[in-house]
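Position 75, counted from 1, in the sequence shown is what the working numbering calls 75; the numbers after and before it change by one each time, with no gaps. Just so you know, even glycine gets a beta-carbon here, dropped at the ideal spot from N, CA and C. Read through the structure below, which is laid out as structure tokens, and then see the notes.
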Amino acid sequence: MALEHAILVSLLEKPGSGYELARRFERSIGYFWTATHQQIYRVLKRMEADGWVEVREVPQQTRPDKKEYSVAGPGRAALSRWLHDPIEPESVRHDLAVKIRGAAFDDPAALIEEVERHQGLHRDRLAHYLAGEQRDFGADRASDAPLDAGRELQHAVLRGGIAYERMMIAWLDDVLATLHRLGPGR
Numbered sequence: 001m002a003l004e005h006a007i008l009v010s011l012l013e014k015p016g017s018g019y020e021l022a023r024r025f026e027r028s029i030g031y032f033w034t035a036t037h038q039q040i041y042r043v044l045k046r047m048e049a050d051g052w053v054e055v056r057e058v059p060q061q062t063r064p065d066k067k068e069y070s071v072a073g074p075g076r077a078a079l080s081r082w083l084h085d086p087i088e089p090e091s092v093r094h095d096l097a098v099k100i101r102g103a104a105f106d107d108p109a110a111l112i113e114e115v116e117r118h119q120g121l122h123r124d125r126l127a128h129y130l131a132g133e134q135r136d137f138g139a140d141r142a143s144d145a146p147l148d149a150g151r152e153l154q155h156a157v158l159r160g161g162i163a164y165e166r167m168m169i170a171w172l173d174d175v176l177a178t179l180h181r182l183g184p185g186r
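Written out as structure tokens, the structure is:
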């Protein structure tokens, strides 16, 4: 996936400034596709030159005017083409998994601290996802009112992130049990 597609999706969900877009990447999209502020601004400039996004100046009282980006017709068409193109399943490239396999040639117990650190990071991300789900979809889940397609698909992606983090935590529990069982010097 190109950063352009992630930006188009975000702008179709809600037009905004480059700064607002970067904040959205930090809060939600960034867990599935990361980009720096500089990358986002550089790609927005190219997308504007290609006619994929439109820009309007929004006057502000105490600050300089801001540029608000929205998706133009050619951008929507580019996203549509991309949505219809098949993609290959992502291959798993996981440095920690290679370290775990490599521990057979050293001291497996030496990896316990690193695996625990990763487990903590995944627990933190899971807690963040669950809090976001409660914040963004809690009221929707409590009522029987159907969500619009955009909200339903956002929630589906979030549920996938939650399932992934739970799977990683369970896997790391298994790895830790194995490392403890092997003990030092085996």
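- Assignment of beta-bridge partners to G16 by DSSP yields Y69.
- Excluding residues up to 5 positions away in sequence, E4, L8, V71, A72, P74, G75, A78 lie with their Cβ nearer than 8 Å to the Cβ of W52 in the same chain.
- A Cβ-Cβ separation of about 7 Å places L179 in contact with V115 under the 8 Å criterion.
- Counting every other CB atom within 10 Å of its CB across the protein chains shown gives G138 a total below 16, marking it as exposed.
- Taking a contact as a CB-CB distance under 8 Å, the pair S17 and K67 counts as one, their CB atoms being some 6 Å apart.
- Boundaries of the alpha helix (DSSP H) around E48: 37-49.
- A distance of 8 Å or more separates the beta carbons of I40 and Q119.
- With contacts defined as CB atoms closer than 8 Å, L130 and I162 qualify as a contacting pair.
- Rounded to the nearest whole angstrom, the C-alpha separation of H155 and Y164 is 14 Å.
- Here Y69 is buried: its Cβ has 16 or more other Cβ atoms, across all protein chains shown, within 10 Å.
- The C-alpha of A127 lies about 24 Å from the C-alpha of A6.
- Under DSSP, the beta-bridge partners assigned to V53 are V71.
- According to the DSSP assignment, W171 belongs to the alpha helix (DSSP H) that extends over 149-182.
- Here the C-alpha atom of Q38 lies approximately 27 Å from the C-alpha atom of D124.
- Listed in chain order, the non-local C-beta contacts of L21 below 8 Å within the same chain comprise I7, S10, L11, I40, L44, Y69, local neighbours out to five positions each way being set aside.
- Take the alpha-carbon of D95 and the one of A110: they are about 16 Å apart.
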